[in-house]
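Asks:
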Amino acid sequence: MTAPLRLGTRGSTLAMAQSGQVAAALTEATGREVELVEVVTAGDRSSAPVHRLGVGVFVSALRDALTARTIDLAVHSYKDLPTAAAPGLHVAAVPPRQDPRDALVAKGGRTLAELPPGAVVGTGALRRIAQLHALGLQLEVTPIRGNIDTRLARVLGPDADLDAVVLARAGLARIGRTDVITETLDPMLMLPAPAQGALAVECRADDTDLVELLAVLDHAPSRAAVIAERALLATLEAGCSAPVAAYAELAEGDAGDEIYLRGAVISPDGTRDLRLSRTGTPADAAEIGKALAAELLELGADSILGHEGNAGPGTQQFGSTE
9 MTAPLRLGTR
19 GSTLAMAQSG
29 QVAAALTEAT
39 GREVELVEVV
49 TAGDRSSAPV
59 HRLGVGVFVS
69 ALRDALTART
79 IDLAVHSYKD
89 LPTAAAPGLH
99 VAAVPPRQDP
109 RDALVAKGGR
119 TLAELPPGAV
129 VGTGALRRIA
139 QLHALGLQLE
149 VTPIRGNIDT
159 RLARVLGPDA
169 DLDAVVLARA
179 GLARIGRTDV
189 ITETLDPMLM
199 LPAPAQGALA
209 VECRADDTDL
219 VELLAVLDHA
229 PSRAAVIAER
239 ALLATLEAGC
249 SAPVAAYAEL
259 AEGDAGDEIY
269 LRGAVISPDG
279 TRDLRLSRTG
289 TPADAAEIGK
299 ALAAELLELG
309 ADSILGHEGN
319 AGPGTQQFGS
329 TE
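Those letters in the sequence shown? Residues 9 to 330, per this note's numbering, in order.
#1: What does the Cβ neighbour count give for Q204, buried or exposed, with the cut at 16 atoms within 10 Å?
#2: Can you tell me the Cβ-Cβ gap for L225 and V48, rounded? I've got them flagged as a contact below 8 Å.
#3: Would you check if the stretch 284–304 and the stretch 157–169 touch, i.e. whether three or more CB-CB distances between them fall below 8 Å?
#4: Entirely within the stretch 183–265 and at least 3 residues each: give me those beta strand (DSSP E) ranges in chain order.
#5: Cα separation between T35 and V42?
#6: Looking at C-alpha atoms only, which residue of M196, T91, A223 and L112 is the closest neighbour of L81?
#7: Tell me whether G308 sits in a helix, a strand or coil according to DSSP, three-state version.
#8: Taking 9 Å as the cut-off, decide whether the C-beta atoms of S85 and A23 are in contact.
#9: Could you tell me the boundaries of the alpha helix (DSSP H) in which R135 lies?
#10: Can you list, in chain order, the residues of its chain with a C-beta nearer than 6 Å to that of V173? Leave out the 5 residues immediately preceding and following it.
#11: Can I296 and R283 be called in contact, C-beta distance under 9 Å?
#12: Just reading off the beta strand (DSSP E) that R283 is part of, what are its end residues?
#13: Does any CB atom of chain C fall closer than 9 Å to the CB of L241?
#14: If P289 and D265 are in contact, beta carbons under 8 Å, what's the gap, nearest whole angstrom?
#15: For T35, report the span of its alpha helix (DSSP H) as first-last.
#16: To the nearest angstrom, report how far apart A127 and V149 are at their CA atoms.
#17: Per the contact definition of three or more C-beta pairs closer than 8 Å, is the stretch 89–105 in contact with the stretch 132–145?
#18: Determine the contact status of A208 and A293, defining contact as a CB-CB distance below 9 Å.
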């Protein structure tokens, strides 16, 4: 009998849920049994703010396990992956992407516009913090860490100390908690992180049989959108301290499918907010992202991104989908 495939995953509720969903889809499509192998990452052991933990903090231990052959494949939240390629590893599949928008969970069922001035809103992403400031709603925004349940408890629990939190809608959907969402945020207000809502199924590049097997899970429109968003990110060479957002949508155009890519660079205090968009074909996804990044740089995005604390080309770290 063929041995089960060993799928490496972080141990959080969200990571186990999304890895379990990938495992079930792979078994259903191919008949191969899959077992989950929990891998503890540096990000799981630290309580420091996500943007200060360093590049690939939720990824490196899984990749080490792949290289050491203690697992056969790994499932990542795609936005956790550094944009630089990992030698010897290959993203063999990008499954259908969940809704990439951000979601608000607020006391009293409030929407963002209904929060009173001075309301305390928690989030772990500088990108969200910057965009909340840019809205000019006079909110008090505070950085938070923790898994989904921990963050929700700070709004909905008996010891709640926040008026609202902003999370990725995809994470809430994957663990069956969309019922707590009080508003799904329009990308015009809160543009998502590059690759938010997408998963990356990674294996060793030399495991050609597995690369071929995993291809059954790949969703071409989701992959094209992620390629465009991450090409923008890589071209900006944004570091851990720079709030960068990108969102690509595929739609039917006059000459076939088109990608509509929006990108933004926002100063952490929200006072500078550059937003542009660009369209093209899915086949040109990477070039669309590069071109949009070049336009943002021409408008002065580099002065917002700066160089202090910059992690260098292809190394943006946005933190976990949670």
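Glycine included, C-beta positions come from ideal geometry on N, C-alpha and C.
Replies: A quick look at the data gives this:
#1: When all chains shown are included, Q204 counts as buried.
#2: Actually they are not in contact, since the Cβ atoms of L225 and V48 sit about 25 Å apart, beyond 8 Å.
#3: The answer is no - the stretch 284–304 does not touch the stretch 157–169, with fewer than three Cβ pairs under 8 Å.
#4: Fully enclosed beta strand (DSSP E) runs of no fewer than 3 residues occupy 207–212 and 252–261 of the stretch 183–265, in order along the chain.
#5: The straight-line gap from Cα to Cα measures roughly 7 Å.
#6: Relative to the Cα of L81, the nearest Cα in the group M196, T91, A223 and L112 belongs to A223.
#7: Correct three-state label for G308: coil.
#8: Contact flag set, yes.
#9: Segment L134 to A142, the alpha helix (DSSP H) holding R135.
#10: A distance below 6 Å between beta-carbons, with the five flanking residues on each side excluded, links V173 to the following residues of its chain, in chain order: V113, G130, R159 and V163.
#11: The answer is no: Cβ separation not under 9 Å.
#12: That run of the beta strand (DSSP E) goes D281 to G288.
#13: Within the model displayed, chain C is absent; a lone protein chain is all it includes.
#14: In the sequence as displayed, the identity of residue 289 is Thr instead of Pro. Their Cβ separation, rounded to whole angstroms, is 7 Å, which keeps T289 and D265 in contact under 8 Å.
#15: Taken as a continuous stretch (DSSP letters only), the alpha helix (DSSP H) holding T35 covers T21 to T38.
#16: Distance from the CA of A127 to the CA of V149, rounded to the nearest whole angstrom, comes to 8 Å.
#17: Between the stretch 132–145 and the stretch 89–105, the count of C-beta pairs closer than 8 Å stays below three; the two stretches do not touch.
#18: Going by C-beta atoms, A208 is not nearer than 9 Å to A293.
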